[in-house]
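Numbering (the UniProt record's numbering), first residue to last: 1 to 683.
These notes are about the structure you will find just below.
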Amino acid sequence: MEIKYVSTTCPYCGTGCGFNLVVRDGRVFDVGHWQRAPVNGGKLCPKGRYAHEFINSSDRLTKPLIKKDGKFVEATWDEAYDLIAEKFRSYKPAEMACLSSARTSNEENYLMQKFARVALKTPNIDHCARLCHSSTVAGLAAVFGSGAMTNSIKDIGESKCIFVLGSNTFEQHPLIARSIVRAKQNGGKVIVADPRYTPTARQADLYMPFVSGTDVAILNGLMQEIIKSGREDKEFIQKRTKDFENLKEVVMKEDYSLENVSKTSGIPAESLKQAAEWIATADVAALIYSMGITQHTTGVDNVKSTANLMMLTGNLGKPGAGVNPLRGQNNVQGACDMGALPNVYSGYQKVTDEPAQKKMKEMWGVDELAEGRVGYTVTEMINILADRPGELKAMYIMGENPMLSDPDIQHAEEGLRNLEFLVVQDIFMTETAELADVVLPAACYAEKDGTQTNTERRVQRWRKAQDPPGEAKPDWQILCELGSKMGYPEQFAFESPEAVFNEIAAVTPSYHGMSYPRLDPDGLHWPCPTEEHPGTAILHRETFAMPDGLGVFSPIEWKPAAEVPDAEYPFVLTTGRTIWQWHTGTMTRRSWSLEKEAPIGWIEINTEDAEALGITDDEVVRASTRRGSVDIPAKVTDEIIKGVMFIPFHYKEHPANKLTHNALDPIAKIPEFKACAVKVEKI
Ligand code: SF4
């Protein structure tokens with residue numbers, strides 16, 4: 001019997017914890033602690049601890065499948081590739097679209113966008129960051145010139161005041177929550193604003209329950225109070241920012257007095273006053289947010305407002321400070337960095353920028369690249385498929401499950417069924433794969449080498465621990481073989497993920513100084529522009545990434561959600577996750593240690609609301625919105641604010657996204673998962 005330990009990076013959240021996969025006779029059978037792992041020092045949350053359990057599930061996809069007469073039949077790789085290449089060649093570039101995946105490696109995301117742009121010549125390439133943090137990228141880039149977390153995870157532990165807004169850090173990024181605990185132990189104050197009394201809220205020195213969708217009003221109110229009390233950082237504002245007067249004009253309006261913000265948000269005025277004082281007077285303060293901020297039709301506005309608050313108080317460019325968006329999927333930062341987006345190549349080089357186009361054409365050895373056009377986002381693709389049938393005809397989806405993760409999934413299904421040809425590449429037969437014409441079996445994280453970039457911009461290694469099951473192959477290899485089949489053998493002639501990474505480093509300024517040897521063992525934070533550069537844990541130390549180096553204050557007025565409660569649908573519905581499950585459950589629901597803890601969905605209803613509706617705990621109720629209905633067990637609790645209800649979105653048996661609204665932020669095109677109008681009835 002041979003036992004070996006393979007150090008790699010967790011496939012779940014954006015924290016990027018390291019662990020050892022324990023391999024016996026060539027097969028992974030456990031996760032072991034990797035004491036010197038750079039982010040987590042050997043500690044793991046339950047998902048990481050049990051990240052081996054789904055790997056050898058008996059229902060892994062092991063052979064290519066082609067649908068014939070409505071049924072999947074096994075095929076050879078050559079048969080599948082020939083069919084895909086023949087079909088893709090039959091469509092015009094504008095009729096095709098690709099979805100990449102934040103669950104796959106940097107190398108695979110880079111290859112997917114290269115495949116779309118080189119082999120299909122389509123600009124329509126996007127991935128699931130559109131659904132979680134596209135508003136972060138757009139919002140922070142507009143204010144700071146860079147759309148990423150400004151500080152490091154370790155840094156958060158040095159803060160003297162942490163404002164957590166729209167993030168259930170203790171459940172969703174548990175190993176980042178350890179930095180919050182460290183800050184508390186060092187005397188730092190913690191403020192949590194959330195409609196639910198979450199495990200994170202329980203750690204707060206000040207908890208502020210609020211009505212989902214009122215974030216801008218709250219942030220403007222805090223800023224007004226800070227300015228009124230003369231506690232803004234005048235020196236920072238004067239030296240490092242511009243447009244402060246424009247900000248003042250808006251935030252000083254009567255609408256944003258503490259009394260009025262209290263009426264809008266439900267937070268007592270005294271709590272807002274206390275929060276403003278702590279944030280403004282702390283030696284150093286950090287703001288943490290997640291999807292509670294981003295998944296709104298005002299997502300970009302919300303993000304810009306967080307940046308306004310931290311610039312106002314001078315909390316940027318130093319340890320323990322910053323605007324810290326916590327990314328959801330393990331590699332959502334990397335998938336964005338790699339250009340799996342419709343408007344940028346890797347390193348956020350704009351597709352419309354002629355020098356960037358020229359550079360990519362030279363590197364890729366082609367004369368044409370999707371005409372330098374900005375393509376469709378995921379949400380636009382789905383809307384076009386459903387509402388303008390025939391405009392998009394073929395789609396290639398890698399490692400995404402929009403049939404459970406997209407808003408208003410009836411609408412998404414209608415759209416996907418309108419496709420003439422759908423290829424899905426995944427590790428399991430997902431709800432989306434069921435609709436495909438061809439399904440390609442992919443290797444999971446434990447079966448391939450590669451890199452991923454965590455929420456703090458740290459690029460780290462994945463290492464292969466076992467062979468993929470049956471004939472499954474790593475996504476990077478499938479993309480290379482398909483690219484070659486499409487007539488681009490030289491462009492896709494990579495023999496290893498490391499060779500792909502070397503091309504990434506060559507064309508991506510922020511990754512330029514990185515290489516596999518340099519990533520061992522601690523990884524590197526981008527930007528890392530040269531081979532000698534140590535990486536950049538804290539952004540914006542001296543200047544912002546703007547042409548004039550100044551951060552831009554953005555005056556933002558509060559706007560209500562696209563759909564607000566009314567007489568027919570009198571409550572606000574918000575959605576989220578539990579610590580035991582992950583997104584659409586393809587991995588965690590096959591992990592018995594996790595599934596047994598949270599096997600079914602539920603709807604959280606405030607005790608007073610439940611009493612008024614005559615609903616008791618555990619009773620199955622009907623939740624309905626203008627999109628559809630879900631019958632689901634009620635969890636009656638005081639741990640959610642009156643008037644708001646919550647459903648986790650993991651469960652196909654109780655699909656929260658049958659109810660959610662597909663209204664989009666006008667800039668980031670992110671859907672409003674966090675607020676729509678709902679009614680709940682006894683059945
Ligand atoms: Fe994995 Fe995130 Fe848990 Fe770390 S905190 S073990 S990265 S799921």
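Beta carbons: idealized from backbone N, C-alpha and C, even for Gly.
For the candidate residues the options, whose alpha-carbon lies nearest to that of residue i?
i: V378; options: V680, I55, S101; result: S101
i: G320; options: L206, P633, C161; result: C161
i: C98; options: M112, S90, N106; result: M112
i: A675; options: T451, F54, T297; result: T297
i: Y376; options: N124, A75, A80; result: N124
i: P517; options: K253, V323, P527, A505; result: A505
i: C128; options: I237, Q329, N324; result: Q329
i: R626; options: I409, A269, M291, V31; result: I409
i: A217; options: A75, V351, I640, L258; result: L258
i: M395; options: G70, R89, L21; result: R89
i: S344; options: I556, A370, L385; result: Checking the sequence shown, residue 344 turns out to be Val, not Ser. Ranking I556, A370, L385 by Cα distance to V344 puts A370 first.
i: G551; options: G18, K273, S146; result: S146
i: A282; options: F19, E413, E158, S265; result: E158
i: E531; options: D548, N20, L120, P509; result: P509
i: N662; options: F571, T584, E563, H654; result: E563
i: residue 692; options: V644, A201, S290; result: Nothing about residue 692 can be reported from this structure: the residues present for the chain run from 1 to 683 only.
i: E490; options: S134, V323, C480, P497; result: C480
i: H512; options: N418, G322, K642, H533; result: H533
i: T607; options: L435, V644, S624; result: V644
i: G292; options: V23, T169, G399, K682; result: T169
i: R24; options: M1, N401, D301; result: M1
i: P547; options: H133, R27, G32, V143; result: V143
i: Q638; options: I647, D609, N657, P666; result: Inspection of the sequence shows that residue 638 is occupied by Asp rather than by Gln. Out of I647, D609, N657, P666, D609 has the C-alpha closest to the C-alpha of D638.
i: R577; options: D243, P64, P174; result: P174
i: G314; options: G347, P599, I227; result: I227
i: I670; options: D467, I84, A141, C132; result: C132
i: T104; options: T575, K473, P633, L392; result: K473
i: V137; options: L219, P407, Q333, E495; result: Q333
i: D520; options: P38, C10, E79; result: P38
i: M486; options: S229, P570, L120, K68; result: L120
i: P529; options: V507, D522, L613, D82; result: V507
i: Y651; options: W580, I384, E79; result: W580
i: V223; options: Q295, M310, A141, E503; result: According to the sequence shown, residue 223 is Met rather than Val. Checked all of Q295, M310, A141, E503; the closest Cα to M223 is M310.
i: I478; options: E542, W77, L524, R117; result: W77
Check the C-beta distance from residue i over to residue j and give it rounded, since I have them as a contact under 8 Å.
i: V459; j: V438; result: The Cβ separation is near 32 Å, so there is no contact.
i: N109; j: M338; result: 4 Å
i: L573; j: V500; result: Wrong, their Cβ atoms sit about 42 Å apart, outside the cutoff.
i: I191; j: A204; result: 6 Å
i: M403; j: E380; result: With a Cβ gap of about 18 Å, M403 and E380 do not count as contacting.
i: T214; j: S405; result: Going by Cβ atoms, the distance from T214 to S405 rounds to 25 Å, so no, they are not a contact pair.
i: P497; j: K448; result: 7 Å
i: A465; j: T8; result: 7 Å
i: P209; j: D194; result: 7 Å
i: N454; j: G16; result: 3 Å
i: C10; j: A51; result: 6 Å
i: A75; j: I156; result: At roughly 49 Å, the Cβ-Cβ gap does not stay under 8 Å, so A75 and I156 are not in contact.
i: I640; j: E604; result: 5 Å
i: P469; j: R27; result: Actually they do not touch by this definition, with Cβ atoms about 10 Å apart.
Using the rule of at least 16 other Cβ atoms within 10 Å of the residue's Cβ for burial, across every protein chain shown, is residue i buried or exposed?
i: Y5; result: exposed
i: T62; result: exposed
i: T616; result: exposed
i: T352; result: exposed
i: W476; result: buried
i: E362; result: exposed
i: I3; result: exposed
i: R457; result: buried
Can you find a C-beta in chain B that's less than 7 Å from the C-beta of residue i?
i: D618; result: In the structure shown, chain B does not exist; there is a single protein chain.
| field | Unbroken stretches of the beta strand (DSSP E), 3 residues or longer, contained in the segment 177 to 265 | value | When DSSP assignments are scanned along the segment 177 to 265, the uninterrupted stretches of beta strand (DSSP E) that are 3 or more residues long and fall wholly within it turn out to be 189 to 193, 206 to 208.
| query | What alpha helix (DSSP H) runs, 4 residues minimum, are completely inside the segment 573 to 629? | reply | The alpha helix (DSSP H) runs of length 4 or more contained entirely in the segment 573 to 629 are, from start to end of the chain, 592 to 595, 607 to 613.
| Nearest-residue set for the ligand SF4, Cβ under 5 Å from any heavy atom | Answer in sequence order: C10, Y12, C13, T15, C17, L44, C45, K47, G48, P174, L175.
| query | For the segment 515 to 567, which segments carrying the alpha helix (DSSP H) assignment without a break, of at least 4 residues, lie completely within its bounds, in sequence order? | reply | With a minimum length of 4 residues, the continuous alpha helix (DSSP H) runs that stay inside the segment 515 to 567 are 516 to 519.
| query | At which residue ranges does the UniProt domain "4Fe-4S Mo/W bis-MGD-type" (3 to 59) contain complete alpha helix (DSSP H) runs of 4 or more residues, listed in the order of the chain? | reply | Counting only runs of 4 or more, we get 46 to 49.
| task | Entirely within the segment 627 to 651 and at least 3 residues each: give me those beta strand (DSSP E) ranges in chain order. | result | Fully enclosed beta strand (DSSP E) runs of 3 or longer: 629 to 637, 644 to 648.
| request: Could you tell me which uninterrupted beta strand (DSSP E) segments, each at least 3 residues in length, are contained entirely in the segment 104 to 192, listed from first to last along the chain? | output: Secondary structure within the segment 104 to 192: the beta strand (DSSP E) runs of 3 or more consecutive residues, fully enclosed, are 161 to 165 (chain order).
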